[in-house]
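One structure is given below, encoded as structure tokens.
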Amino acid sequence: MTNLARRIAAPALLALGLSGCISLGGPPPESLLTLSPTERAPVGSGAAAAPDRKVIAVLALDAPAKLDVLRVPVQVSDTELAYLQDAFWVEKPARLFRHLLGETLRAKSGGAALVLDGDETVALATTTLRGTLIDMGYDASTSSVVVRYDAIRVDGEGNATTRRFEARESGIPPEARAVGAALNRVANQVAGEAAEWVVN
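Under my numbering, read the sequence shown as residues 357 to 556, first letter to last.
Set out below in structure tokens:
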């Protein structure tokens, strides 16, 4: 083998040798979890900004570090936290919940309000909805899922009102598919209650 051939072959052989030792993330999950609204605005519906129409902007939500990941947190005890095996969100929970709030508000308003849940449309808002998604996970001690949201509603005059929303569902086994489905149900319950509060 010539010197040139050795120089070309050596990196390839080294890469093959290392491939058995280095993992670049492991196998992908079989499926990803998401939130799907149970109430949707009808196809073809919409609203235009008008002087007499409320414009509601759903702003980005804050979230604690345990939710700033693509995993489902499990409260093991008062001082211990883990993540549910094989459970991965398609997007971070706060972003998923923000879009769920937006779609639920569109459905609840029935076209009476223009609802915006994108980052570029805040200047048009007569009402803003923001807040903190405190919890969206699994409680091992009670075999339950919980969604907890601290909402902040600000009207066109800058008056702020806060309210906490929470929903739980117990008797859920610690399995990705069961927990994901239950979280979707309770997240829709919280989004529905928050939307009623904003629209009315």
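Even for Gly, the Cβ is constructed at its ideal location relative to N, Cα and C.
Remember, predicted model here, so these are calculated numbers, not experimental data.
With 16 as the cutoff for other CB atoms within 10 Å, does residue 429 come out buried or exposed? Numbered from 1 along the sequence shown, position 73 holds the residue referred to as residue 429. So residue 429 counts as buried.
Member of 433, 436, 410 and 450 whose CA lies at the smallest distance from the CA of residue 391: Mapped onto the sequence shown, residue 391 falls at position 35. Residue 450 is the option with its Cα nearest to residue 391.
With distance defined between alpha-carbon atoms, name the residue in 481, 465, 531 and 445 nearest to residue 509. In the sequence shown, counting from the first residue as 1, residue 509 sits at position 153. If we check each option's Cα against that of residue 509, 481 comes out closest.
Taking DSSP as the reference, what is the three-state secondary structure of residue 522? In the sequence shown, residue 522 corresponds to position 166, counting from 1. Strand.
Residue 459 classed as buried or exposed, judged by whether at least 16 other C-beta atoms fall within 10 angstroms: The sequence position of residue 459 within the sequence shown is 103, counting from 1. Buried, because 16 or more other Cβ atoms sit within 10 Å of the Cβ of residue 459.
Is it true that the CB of residue 452 sits closer than 8 Å to the CB of residue 445? Against the sequence shown, residue 445 aligns to sequence position 89. Against the sequence shown, residue 452 aligns to sequence position 96. Against a cut-off of 8 Å, the Cβ pair of residue 452 and residue 445 comes out as a contact.
Using only the alpha-carbon positions, how far apart do residue 533 and residue 484 sit? Translated into the one-based positions of the sequence shown, residue 533 becomes position 177. Translated into the one-based positions of the sequence shown, residue 484 becomes position 128. Whole-angstrom Cα-Cα distance: 34 Å.
Hey, residue 413 and residue 472: beta-carbon distance below 8 Å or not? Position 57 of the sequence shown, counted from the start, is the residue given in the question as residue 413. Position 116 of the sequence shown, counted from the start, is the residue given in the question as residue 472. Yes, they are a contact pair.
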